[in-house]
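Undergrad: Under our numbering, the first residue of the sequence shown carries the number -11, and numbering increases by one thereafter.
Ideal Cβ placement from N, Cα and C applies to all residues, glycine included.
Note that this is a predicted model, so its numbers are computed, not measured.
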Amino acid sequence: MPTIDHFECSRCKERVPADGPRTVCPKCAGSLYVRYDLRAVRGVASRDEIRTQAARVPWLGMWRYRSVMPDAEPVTLGEGWTPMLQSRRYANAYIKEEGANPTGSFKARGLALAVTMARHYGLRKLAIPSAGNAAGALGAYCAAAGIEAHIFVPRDVPFANYVEAIVYGAHVTLVDGLISDCGRMVAERKEKEGWFDVSTLKEPFRVEGKKTMGYELVEQLGWEYPDAVFYPTGGGVGLIGMWKAFGELEELGWVRGKRPRMIAIQSAGCAPIPRAFEQGATASEAWRDTATFASGLRVPKAYGDYIILEILRVSGGTAVAVSDEEILASLKDWARNEGIFLSPEGAAGTAAYDHLLATGFLKPEDRLVIFNTGAGLKYVDVIAEAMGIRRPPTTR
Ligand SMILES: Cc1ncc(COP(=O)(O)O)c(C=O)c1O
Ligand SMILES: [Zn+2]
């Protein structure tokens, strides 16, 4: 495993020494990337070693990419190496099934690494504002690491997220408001309480953990890029992490082809990224009156919006807003016709696929990966309500 050479600011490119835990760029408050000297693992021999190493142990998950991850003892619950499912109906569409992760969502990857590094640095108390799944994941990894988790989630968070956080023994605060209000509460209290803030893009390791999705999708497609990647975007950690992975894969000589078009999907009830993308803006404006049942997409303004928008542009991608009606229709469609119970966020991706096929932005022969970022089962309360499903009263 490589040692971290330095951190690099995503905005002003400042080099920040890797001498301990870091938050954001000390100069401009931009998000930091982890940088290594990867020369020792360049070339396909090191790449092929990944498979050989993984075959030697019962389970490695995302840690099969330890040769490009920070040198620290992992806190792991089996995250990563999730299924890549070919659609039964669209031969060139693959679902990357992140619902198979521990805690039922892709948030496991970023928080496994953030907690690994927190333990490595000797941090004792972590705090997070979350739309729900990140809170559950932080609770689980903190429990595994023996670290305190302080969780701030909106009061109307999916019930599973609330229950799991309590079960893991986290300190949970329900907030009357959105993730942005939760973030403000963490920021106000962290100094006094001695919490390290693991908010989206305000520390470098959640992006670094989520970059494994980029390595994985390329490896699972035979070390070749797909034509497009669909990513339901809240804070954009996974999109940013995958783009970082693609840069590294090219530097390492591990991948063939042209980088995919990156597609960010949001709900029409909270669509700051599609709006900014359409306007050609380099940053987004906070969305007002946020309303969508895809709770992971209820992010009025992403801290790393400038990075997301840049990636969409340079990749020749786009940003799509789909309505809650379209999301629900696509969720039912994939459940009934494919046997896949998508999360509302994942179903925003499949709905966007229908939309981009209809407009001709994508062709049926384009090979693409749609991220189902969480398991539909984590949303039974939300989906039951949206579909009007009620348990019939028991008769005696
Ligand atoms: C299931 C699901 N999908 C997508 C997202 C958005 O993720 P990101 O903040 O990495 O854009 C979230 C965030 O909570 C989520 O829980
Ligand atoms: Zn900076």
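#1: Just to be sure I understand the criterion: a residue counts if its Cβ is closer than 6 Å to at least one heavy atom of ligand 2. Which residues meet that?
#2: Work out the CA separation of threonine 70 and serine 34 for me, nearest whole Å.
#3: Are the Cβ atoms of lysine 198 and glycine 229 separated by less than 8 Å?
#4: Got a sec? Which residues, its chain only, sit under 6 Å from phenylalanine 184 by beta carbon, not counting five neighbours each side?
#5: Quick one: using the 10 Å Cβ neighbour count with 16 as the cut-off for buried, is proline 248 buried or exposed?
#6: Please list, in chain order, all residues of the same chain as serine 168 whose beta carbon is under 6 Å from its beta carbon, the five residues on each side excluded.
#7: Can you tell which of Cys13, Cys130, Ala148 and Ile299 has its C-alpha closest to the C-alpha of asparagine 191?
#8: Cutting at 6 Å between CB atoms, please list the residues of its own chain near glycine 127, excluding the five before and the five after it.
#9: Does the Cβ-Cβ distance between leucine 356 and valine 217 come in under 8 Å?
#10: So, with DSSP's three-state summary, where would you put tyrosine 24?
#11: Over what stretch of residues does the beta strand (DSSP E) that includes arginine 249 continue unbroken?
#12: Whose C-beta lies closer than 8 Å to the C-beta of lysine 246 among residues of the same chain, with five residues either side of it excluded?
#13: Considering only the alpha carbon of each residue, which of Arg44, Ala271, Lys95 and Asp59 lies closest to glycine 68?
#14: Hey, which unbroken runs of the beta strand (DSSP E) at 3 residues or more fall wholly within the stretch 77 to 140?
#15: So glycine 241 packs on glycine 31, CB below 8 Å; how close in whole Å?
#16: Check whether the Cβ of asparagine 89 sits closer than 7 Å to any heavy atom of ligand 1, and report yes or no.
#17: Which residue comes first and which comes last in the beta strand (DSSP E) that contains tyrosine 53?
#18: With a threshold of 7 Å (Cβ to nearest heavy atom), would asparagine 80 be considered close to ligand 1?
#19: Let me check you understand the geometry: is the CB of alanine 128 closer than 7 Å to at least one non-hydrogen atom of ligand 1?
#20: Determine the extent of the alpha helix (DSSP H) in which valine 174 is found, giving its start and end residues.
#21: Give me the DSSP bridge partner(s) of cysteine -3.
#22: Exposed or buried, which one is tryptophan 275 when buried takes at least 16 other CB atoms within 10 Å?
#23: Please name the residue, chosen from Arg378, Pro381 and Gly362, that lies closest to proline 146 on a Cα-to-Cα basis.
#24: Would the stretch 253 to 265 and the stretch 283 to 300 be scored as touching if the rule is three or more Cβ pairs under 8 Å?
#25: Count the other CB atoms, across all protein chains shown, that sit within 10 Å of the CB of tryptophan 387; report buried if there are 16 or more and exposed otherwise.
#26: Between the Cα of tyrosine 82 and the Cα atoms of Ser(-2), Ala374 and Asp354, which residue gives the shortest distance?
#27: To which residues of the same chain is alanine 335 closer than 6 Å at the C-beta, ignoring the five residues directly before and after it?
#28: Answer yes or no: do tyrosine 24 and proline 352 have a C-beta to C-beta separation smaller than 8 Å?
#29: Among the candidates Asn80, Asn121, His108 and Pro58, whose CA atom is the shortest distance from the CA of proline 90?
TA: Let me lay it out:
#1: Cys(-3), Arg(-1), Cys0, Glu2, Cys13, Lys15, Cys16 and Gly18
#2: 22 Å
#3: yes
#4: Leu111 and Leu114
#5: buried
#6: Pro288
#7: A quick correction: the sequence has glutamate, not asparagine, at residue 191. Considering only alpha carbons, the answer is Cys13.
#8: Ala137, Ala153, Tyr156 and Ala158
#9: yes
#10: coil
#11: 249 to 255
#12: Tyr213
#13: Lys95
#14: 81 to 85 and 113 to 117
#15: 6 Å
#16: no
#17: Note, tyrosine 53: premise wrong, no beta strand (DSSP E); not H, not E.
#18: no
#19: no
#20: 167 to 181
#21: Leu20
#22: buried
#23: Gly362
#24: yes
#25: Absent from the structure is residue 387, since the part of the chain shown begins at -11 and ends at 384.
#26: Asp354
#27: Ile315, Ser318 and Leu319
#28: no
#29: Asn121
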